[in-house]
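Trainee: Dumping the structure here so I can ask a few things about it.
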Amino acid sequence: MDKFLVFTIVGLSLAAIYAVISSGLVLTYTTTGIFNFAHGAIGMLAAFAYWQLRFDWGWPAPIALAVVLLLLAPAFGLVLERVIMRGLQGTSEATKLVVSISLLVAMIGLANLIWTPGESRPMDTFFKGQKVDLGITTITYHQAITIVTAIVVAVGLRFLLYRTRIGVSMRANVDDRNLALLNGARPDRIGLLSWAIGSSLAAIGGILIAPALTLDPGSLSLLIVNAYAAAIFGRLRSLPLTFVGAIVLGLTEGYLAAYLPGENQYLAGFRPAAAAIVLFLVLLVMPNPRLRTRSQLREFFPAPSPSGMAMVAVAVVLAGVVMVTTLDTTSIISYGQMFPLAIVALSLVPLVGYAGQISLAQLSFAGVGAIVVAHHGGGGSPLGLALAVVVTALVGGLVALPVRRLSGIYLALATAAFAVALDRWVFNLPDFDIGPLHISLFQLGSTEIAPLKVFGYAFDTPSRLLMLSAVAFSLTALVVAGVRWSGFGRQLVAMRDSEAACATLGLNLVWPRLAVFMLSAGIAGLGGALYGMQLGSVSPERFNLVSGLPLFMLVVVGGAGLVGGALFAGIGLYGIIPLTSALFSFVAKINAVSPGLTGVGLGRNPSGVIPLVQEGVRPLRRDRVVLPAMAVAMVAVYALRQADAYGNWPFVALLLLVFVVANAVAGARARPGAAERRAAAAATSVGDLDWVGITSPWTSGHLAQLESAFAADGLPPMTVPGRSRAHDPSLPYGLAGTQIREWRGHEATPTAVATTNGHSAESSEEVVHGHARG
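My numbering applies: residue 1330 is where the sequence shown begins, and numbers increase by one.
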């Protein structure tokens, strides 16, 4: 009985901490619509700041607490909202999630820069050693303070949200921001207040739990995973249900610590994964969420052209040839990981980019593929590689089946819970049998993977494995592009635009979700198998949730709906970042916190980096003189490198120089001269503008011409519905300000996609002679 009471108090203390943390998470989501994945990292920084003031500098506890909770934490929240979060209005759930993930990575890097990792930083509890005797058991002052704090937070938040005018405005702001604005609310000020309070609550939770844990940036930041389940109990909206969920979660962990047999190898990892399992189960029994209606998104991902995809595929293979003929063996092993991880990143393109579904478990699926090819690869047989794809696709289907009705942040949390359960528990299980089937995972902490053999030819050297991965990426990229061109791909894009509209038209929403999830998991399994072959031996730590977050982040930063976004993620994660960090020590420090800058960048350009690059090299791609000349120059530079005329660094510098000069020359050739601009302006009268884009090309001068005509008639300047900062004035407009963005084959023929009020019209019937139907 004493043991039960002791661990009940322990569980309630944990529950109180989870309640405080999750209430801050619910507050920011309820009032701003942004799920803050970096919520735990804010608490981590607050805990470190409190340790610095209280224990390293010797400040009194009340003063240190006041500075952290009433000054530093709210100020940090205000800066986040003003600089980053305010720019996320009108972006997708994936973009918002990536911004918060980038902040999580940046805050961990910032903590490691300020406080040297690995050093011991003991942090005492409040009133250390003092207890309150309750008769049948005792409770420490720290536990009592924690429980009382949670009660005060619950009462205070309930009063704020339901008994004050500002609280009502905060709740109304996320329901309908425009309507709240019309009724006198100030959404920007509400957002500032919400993030300030939410950051303070995260700081309270971080300071309260830090004495029970090692003061480590990673462990404290990822504590938020345990608070997810409590927040989901309240469906990210109800504070009372959130506190109920926190109590259930805290007591579960307390009783598991007391009564779970620690000597059982199969149950040893169950307790660390308990919160994730509870989260997954809660998501399964949640009421069906409403179907997503048409949303005002600023992202735009045009379908790739066949010629463009052929160029990308050939360029990747040529890049592989250049790498294996110029780099030494050590560098080939290091940079060879780019292409397998790029294949894993490619699995996110149909799922996130086309279908608008978020998965944080892709690297876990890659781990399943590595396990299958390690134990059932037949010593490097191609059938083993095919089996890895099939088995991983089936596992993806098993995960997608119970969560098929979830989308957005709920699906992201479900897949995150699955990933945590795998890396904390399943991947560490010993061998076991399911009927006649023997299951073997990571034996002794790692597993060996034999290289692939095709018709007696073994890919058993780093160079051969790199070329195998480069060719595999090119072929898989063509498959992914083929999905986008197909009717299935158009249905996925339609689902992304509006699930409700698809359901109204009678489209089945279940099988496309299952199919795209299985396709995505299968591609991730292929990447994981090739990744294991590249390394030769892999451990479960390479496939955990934390390792997968930067990959997901870089895909969205590059462009989640584009094949180039996946290539950007692979090259960035295992090419550019390690290379620059190894060359310059100060760059390594910048790389530690640079992910936070992606929050600002994505808020201003949610379509990612690749569309900007495509726009920048468009004149070069169209120039039939400069492009071949650049290719010849690059071949000459490569030939001189093969002749040992210079080393690798001059070789890379010369390639970049050739590209920059060629792009500048092509851009200068594409710009019309002053005489041409005057002739075009004189040839087009205002009365003919209705036919611009149909009978004559659209130019940037037509917009100014329209605005001048409106001003002459006493009308306000013309505004384009849905126009964003990514607006391209070189693209034509049809009726009602519809901007035609996608072209088939060449720029003179408009094809299936037009954007109306910021949305894509995927049917070719919606574009008639360059005009989109209203």
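Every residue, glycine too, gets a C-beta built ideally from N, C-alpha and C. Note that this is a predicted model, so its numbers are computed, not measured.
Here's the rule I'm using: 16 or more other beta-carbon atoms within 10 Å means buried, otherwise exposed. How should asparagine 1873 be labelled?
Mentor: Locating residue 1873 in the sequence shown gives position 544, where the first residue counts as 1. Buried.
Trainee: For the beta strand (DSSP E) that contains threonine 1466, what are its first and last residues?
Mentor: Indexing the sequence shown from 1 puts residue 1466 at position 137. Segment: none, threonine 1466 is in no beta strand (DSSP E) and carries neither H nor E.
Trainee: So who's on the other strand from glutamate 1422, going by DSSP bridges?
Mentor: Residue mapping note: residue 1422 aligns to position 93 of the sequence shown, counting from 1. DSSP output for glutamate 1422 lists no bridge partner at all.
Trainee: Enumerate in chain order the residues of its own chain whose CB-to-CB distance from leucine 1651 is below 8 Å, with the five nearest sequence positions on each side excluded.
Mentor: For this step, residue 1651 is matched to residue 322 along the sequence shown. A quick correction: the sequence has valine, not leucine, at residue 1651. Around valine 1651: Tyr1967.
Trainee: Classify threonine 1359 as buried or exposed, calling it buried when 16 or more other Cβ atoms lie within 10 Å of its own Cβ.
Mentor: For the purposes of this step, residue 1359 is taken as the residue at position 30 of the sequence shown. Label assigned to threonine 1359: buried.
Trainee: Helix, strand or coil, according to DSSP, for tyrosine 1786 in the structure here?
Mentor: By one-based count along the sequence shown, residue 1786 stands at place 457. Tyrosine 1786: strand per DSSP, three-state reduction.
Trainee: Using a threshold of 8 Å, state whether the C-beta atoms of valine 1573 and alanine 1853 are closer than that.
Mentor: By one-based count along the sequence shown, residue 1573 stands at place 244. By one-based count along the sequence shown, residue 1853 stands at place 524. It is not a contact, given that the beta carbons lie outside the stated cut-off.
Trainee: Compute the Euclidean distance between the alpha carbons of aspartate 1462 and alanine 1745, then round it to the nearest angstrom.
Mentor: Sequence index remark: in the sequence shown, residue 1462 carries index 133 (1-based). Sequence index remark: in the sequence shown, residue 1745 carries index 416 (1-based). If I take the Cα positions, the gap works out to 41 Å.
Trainee: If I measure Cβ to Cβ from glutamine 1666 and keep anything under 7 Å in the same chain, skipping five residues before and after, which residues do I get?
Mentor: Against the sequence shown, residue 1666 aligns to sequence position 337. Excluding sequence neighbours, glutamine 1666 sits near Tyr1860, Gln1863, Tyr1903.
Trainee: Indicate whether the contact test is met: 3 or more Cβ pairs, each with one atom in the region 1795-1806 and one in the region 1638-1650, closer than 8 Å.
Mentor: Output reads yes: the region 1638-1650 touches the region 1795-1806.
Trainee: Between which residues of its own chain and serine 1342 is the CB-CB distance below 7 Å, once the five residues before and five after are set aside?
Mentor: Position 13 of the sequence shown, counted from the first residue, corresponds to residue 1342. So the list reads Gln1472, Thr1475, Ile1476, once near-sequence residues are dropped.
Trainee: Who are phenylalanine 1761's beta bridge partners in DSSP?
Mentor: On the sequence shown, position 432 is the one that residue 1761 refers to. Ile1768, per the DSSP bridge assignment.
Trainee: Could you have a look at aspartate 1517 and say whether DSSP puts it in helix, strand or coil?
Mentor: Looking up residue 1517 in the sequence shown gives position 188. Three-state DSSP puts aspartate 1517 in a helix.
Trainee: Pick from Phe1771, Gln1691, Ala1806: whose alpha carbon is nearest that of glycine 1877?
Mentor: Counting from one through the sequence shown, the residue named residue 1877 turns up at place 548. Of the listed residues, the one whose Cα sits closest to glycine 1877 is Gln1691.
Trainee: Who pairs with valine 1646 in a beta bridge, going by DSSP?
Mentor: The count along the sequence shown starts at 1 and reaches residue 1646 at position 317. The partner list for valine 1646 (beta bridge, DSSP) is empty, contrary to what the question assumes.
Trainee: Leaving out the 5 sequence neighbours to the left and right, which residues in its chain are closer than 6 Å to glycine 1598 when beta-carbon positions are compared?
Mentor: Taking the sequence shown and counting its residues from 1, one reaches residue 1598 at position 269. Taken in chain order, the residues that qualify are Arg1753, Trp1754, Asn1757.
Trainee: Among Gly1447, Gly1893, Val1718, Asp1331, whose alpha-carbon lies nearest the alpha-carbon of valine 1464?
Mentor: What you label residue 1464 is simply residue 135 of the sequence shown in a count that begins at 1. The amino acid occupying residue 1464 in the given sequence is glycine; valine does not appear at that position. That would be Asp1331, whose Cα lies nearest to the Cα of glycine 1464.
Trainee: Just to confirm, is the Cβ distance from leucine 1433 to phenylalanine 1364 under 8 Å?
Mentor: The count along the sequence shown starts at 1 and reaches residue 1433 at position 104. The count along the sequence shown starts at 1 and reaches residue 1364 at position 35. No.
Trainee: Let's test the definition: count the other Cβ atoms within 10 Å of the Cβ of tyrosine 1347 and tell me whether it reaches 16, buried, or not, exposed.
Mentor: Position 18 of the sequence shown, counting from 1, holds the residue named residue 1347. Under this definition tyrosine 1347 is a buried residue.
Trainee: Which parts of the region 1392-1452 are runs of the alpha helix (DSSP H), unbroken and 4 residues or longer, counting only runs that do not cross its ends?
Mentor: Those alpha helix (DSSP H) runs which fall completely within the region 1392-1452 and span 4+ residues are 1402-1412, 1422-1443.
Trainee: With a CB to CB cut of under 7 Å and the five nearest residues on each side skipped, what residues in its chain are close to phenylalanine 1456?
Mentor: On the sequence shown, position 127 is the one that residue 1456 refers to. Counting only Cβ-Cβ distances below 7 Å, and skipping sequence neighbours, we find Tyr1470, His1471.
Trainee: Along the chain, where does the alpha helix (DSSP H) containing valine 1461 start, and where does it finish?
Mentor: For the purposes of this step, residue 1461 is identified with residue 132 of the sequence shown, where counting begins at 1. Segment 1460-1462 is the beta strand (DSSP E) holding valine 1461; no alpha helix (DSSP H) there.
Trainee: Nearest to isoleucine 1533 by CA position, among Phe1788, Gly1890, Phe1377, is which residue?
Mentor: As a position in the sequence shown, residue 1533 is number 204, starting the count at 1. That would be Phe1377, whose Cα lies nearest to the Cα of isoleucine 1533.
Trainee: May I ask you to report which of helix, strand or coil DSSP gives glutamate 1592?
Mentor: The count along the sequence shown starts at 1 and reaches residue 1592 at position 263. Three-state DSSP puts glutamate 1592 in coil, outside helix and strand.
Trainee: Distance, Cα to Cα, isoleucine 1538 vs glycine 1485?
Mentor: Residue 1538 sits at position 209 when you count from the first residue of the sequence shown. Residue 1485 sits at position 156 when you count from the first residue of the sequence shown. Spanning the two alpha carbons is a distance of roughly 21 Å.
Trainee: Compute the beta-carbon to beta-carbon distance between tyrosine 1557 and leucine 1689, rounded to the nearest angstrom, for a pair I have assumed lies under 8 Å.
Mentor: Within the sequence shown, numbered from 1, the residue matching residue 1557 stands at position 228. Within the sequence shown, numbered from 1, the residue matching residue 1689 stands at position 360. So it is not a contact: roughly 11 Å between Cβ atoms.
Trainee: One question on the structure: do alanine 1858 and alanine 1717 come within less than 8 Å of each other, judged by their Cβ atoms?
Mentor: Here residue 1858 refers to the residue found at position 529 when the sequence shown is read from its first residue. Here residue 1717 refers to the residue found at position 388 when the sequence shown is read from its first residue. Going by C-beta atoms, alanine 1858 is nearer than 8 Å to alanine 1717.
Trainee: Would you tell me roughly how many angstroms separate the C-alpha atoms of serine 1769 and serine 1866, rounded to the nearest one?
Mentor: For the purposes of this step, residue 1769 is taken as the residue at position 440 of the sequence shown. For the purposes of this step, residue 1866 is taken as the residue at position 537 of the sequence shown. Rounded to the nearest angstrom, the two C-alpha atoms are 15 Å apart.
Trainee: Grab the span of the alpha helix (DSSP H) containing proline 1879 for me, first residue to last.
Mentor: Position 550 of the sequence shown holds residue 1879. Run containing proline 1879: 1874-1887, per the alpha helix (DSSP H) assignment.
Trainee: Excluding the 5 residues flanking glycine 1888 on each side, which residues of the same chain have their C-beta closer than 8 Å to its C-beta?
Mentor: Taking the sequence shown and counting its residues from 1, one reaches residue 1888 at position 559. So the qualifying residues of the chain are Phe1630, Gly1682, Gly1894, Phe1897, Ser1936, Gly1937, Val1938, Ile1939, Pro1940.
Trainee: Answer yes or no: do leucine 1356 and serine 1498 have a C-beta to C-beta separation smaller than 8 Å?
Mentor: Mapped onto the sequence shown, residue 1356 falls at position 27. Mapped onto the sequence shown, residue 1498 falls at position 169. Not in contact: leucine 1356 and serine 1498 (Cβ atoms no closer than 8 Å).
Trainee: What first and last residue would you give for the alpha helix (DSSP H) that runs through valine 1755?
Mentor: Residue 1755 sits at position 426 when you count from the first residue of the sequence shown. Valine 1755 -> no alpha helix (DSSP H), and no H or E assigned at all.
Trainee: Do the region 1780-1796 and the region 1724-1740 meet, that is, are 3 or more Cβ pairs less than 8 Å apart?
Mentor: With a cut-off of 8 Å, the region 1724-1740 and the region 1780-1796 do not count as touching, because too few Cβ pairs lie within range.
Trainee: Hey, is glycine 1464's beta-carbon within less than 8 Å of any beta-carbon in chain D?
Mentor: Absence of chain D from the displayed structure is noted, only one protein chain being present.
Trainee: Output the distance between the C-alpha atoms of histidine 2056 and glutamate 1944, rounded to the nearest integer angstrom.
Mentor: Position 727 of the sequence shown, counting from 1, holds the residue named residue 2056. Position 615 of the sequence shown, counting from 1, holds the residue named residue 1944. In this prediction, histidine 2056 scores a pLDDT of 44, lower than 50, which makes its location untrustworthy; no coordinate-derived value is stated.
Trainee: Taking alanine 1750 and alanine 1586 to be in contact with their CB atoms under 8 Å, please state how far apart those CB atoms are, rounded to whole angstroms.
Mentor: One-based indexing of the sequence shown puts residue 1750 at position 421. One-based indexing of the sequence shown puts residue 1586 at position 257. That pair is no contact at about 18 Å.
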